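Protein chains in written order, with the working numbering: chain A, 13 to 231; chain B, 13 to 231.
All remarks here apply to the structure that follows.
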DNA sequence: TCACGTACCGGACTCTAGTCCGGTTCTCGT
DNA sequence: ACGAGAACCGGACTAGAGTCCGGTACGTGA
């Protein structure tokens with residue numbers, strides 16, 4: 013593929029608008045020495061510090077000042093590198109998000125290609141739900157952000173929306189675009205948190221019902 | 013300006029936790045002289061000032077300090093009376109929210125009682141969508157609020173969730189509770205704003221597709 | 001090796017939501 | 001009518017996200 017440097021989206025760029033997930037490339041070139049050494053070092057420091065603080069106190073209890081201080085870096089550096097709080101959370105999720113995306117695009121059926129679209133859709137719902145549940149705190153932050161509809165404006169949302177819409181269309185569902193958005197809305201971090209944490213329902217039960225919802229949306 | 017001076021639920025109480033919509037009562041007792049005269053006067057001033065400012069500059073561009081200053085009131089008074097920004101927005105929507113609720117509970121079919129549950133459900137989706145679209149800015153504020161899942165914690169959400177779940181159950185849908193939440197998620201202000209404002213789709217088309225989604229969720 | 005320009009650094013600053021509490025004023029009971 | 005005290009008033013205060021810009025140090029070209 014093209015040496016598309018969009019890949020370093022998670023490495024140097026201030027993340028123009030939450031475009032953390034590259035639309036295609038997954039493996040990374042590992043080179044692209046474009047940036048400055050101190051910049052890369054600071055980025056790594058910030059990620060390490062954030063991960064440590066988040067693990068120690070919980071994501072919500074950590075302020076951006078905390079992260080900057082712990083990383084030995086100014087707030088300007090922090091915000092230039094990650095854009096905002098949501099960007100920092102996305103960067104921390106980057107590896108796993110890429111892996112999940114790879115599994116959907118190139119992995120084994122039924123999540124990956126090869127299975128009928130309706131089965132892939134159900135597999136996707138289960139996997140996405142699990143992803144959200146497994147990284148709830150970080151995903152919550154990454155889907156937040158200022159302004160209304162922050163979640164709907166991120167690049168990763170567009171990617172998944174397109175994937176789901178395509179599966180729905182392929183499976184013969186009407187209004188695939190709208191239904192993809194309804195389905196992703198049901199899988200949004202806020203909603204998942206509500207079910208699992210606030211209400212305290214067992215994850216398996218919720219996931220199964222959402223899979224049934226996906227099937228219902230096919231007709 | 014509205015004759016009604018705030019009505020009981022929204023009149024004195026600091027709105028314990030977004031319980032603006034009473035679960036049953038719609039007509040107001042009209043008595044309950046519990047409060048103080050100056051408190052009521054200040055409340056009215058705040059509502060008037062907020063409405064004027066919101067109309068003039070748009071909801072998002074008005075800060076709570078603006079409202080307090082324009083109302084000739086301290087911030088303490090503002091926050092005691094309405095809890096937070098979302099509470100103020102809810103109070104401004106109160107009349108119409110009550111009217112809508114009354115139409116659903118006691119109004120003519122198919123929105124009100126008398127029609128088959130599936131028809132009522134579709135009527136509800138169309139009416140709720142329209143409500144959200146007609147008061148988008150205020151609803152957006154009222155569904156926001158600090159912390160994740162603010163929308164899911166409000167009393168009005170619980171009310172509608174219950175209503176929709178009941179209709180779904182009555183119509184024979186499986187997992188009525190979960191599906192009610194999925195449906196309301198699709199009708200959330202953020203999502204509606206995304207379709208209508210960001211993407212620019214015509215309201216009628218979106219509403220029709222959501223009605224179809226509701227029907228799909230019945231089986 | 002060295003000078004140059006650019007990209008980056010960092011912390012002081014702004015902006016706004018929401019809290020607190022000393023002082024005031026209205027209502028109720030007598 | 002009047003005293004007592006609860007309820008309310010308002011603005012100073014806190015906290016935290018995100019911005020700005022003068023200064024710095026890194027990479028590049030000669």
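Glycine is no exception: its CB is placed at the ideal position from the N, C-alpha and C atoms.
The structure presented is a predicted model; accordingly, all values stated were derived computationally and were not measured.
The alpha-carbon separation between residue 152/A and residue 195/B amounts to approximately 21 Å.
By alpha-carbon distance to residue 148/B, the top candidate from 225/B, 109/B, 160/B, 49/B is 109/B. Ranked by Cα distance from residue 197/A, the options 162/A, 212/A, 213/A are led by 162/A.
Taking a beta-carbon distance threshold of 8 Å, residue 181/B does not count as an interface residue toward chain A. Annotated as distal: residue 156/B and residue 112/B, with beta-carbon spacing of 8 Å or more. Residue 130/B and residue 191/B have their alpha carbons spaced roughly 14 Å apart. The alpha-carbon of residue 186/A is positioned some 23 Å away from that of residue 117/A. At least one C-beta of chain A is nearer than 8 Å to the C-beta of residue 225/B.
With a threshold of 8 Å between beta carbons, residue 190/A makes contact with chain B. By the neighbour-count criterion, in which 16 or more other beta carbons inside 10 Å mark a residue as buried, residue 87/B falls on the exposed side. Residue 85/B places its beta carbon 8 Å or farther from that of residue 222/B. When DSSP states are grouped into helix, strand and coil, residue 127/A belongs to the strand group. At the C-beta level, residue 80/A and residue 90/A come within 8 Å of one another.
Within chain A, no residue has its CB atom less than 9 Å from the CB of residue 129/B, the nearest being about 16 Å off. Residue contact check for residue 205/A against chain B: a CB pair falls below 8 Å. Taking the Cβ atoms as the reference, residue 150/A lies roughly 15 Å from residue 199/A, outside the contact range of under 8 Å. Interface criterion not met: the Cβ of residue 134/A is under 8 Å from no Cβ in chain B. Here residue 230/A is near residue 183/A, since their CB atoms are less than 8 Å apart. Residue 67/B sits exposed, since fewer than 16 C-beta atoms from the chains shown fall within 10 Å of its C-beta. When the beta-carbon positions are compared, residue 160/B and residue 202/A come within less than 8 Å of each other. DSSP, reduced to helix, strand and coil, places residue 223/A within a helical segment of the structure shown.
Taken residue by residue, none of the region 73-100 of chain B has a beta-carbon sitting less than 7 Å from a beta-carbon on chain A.
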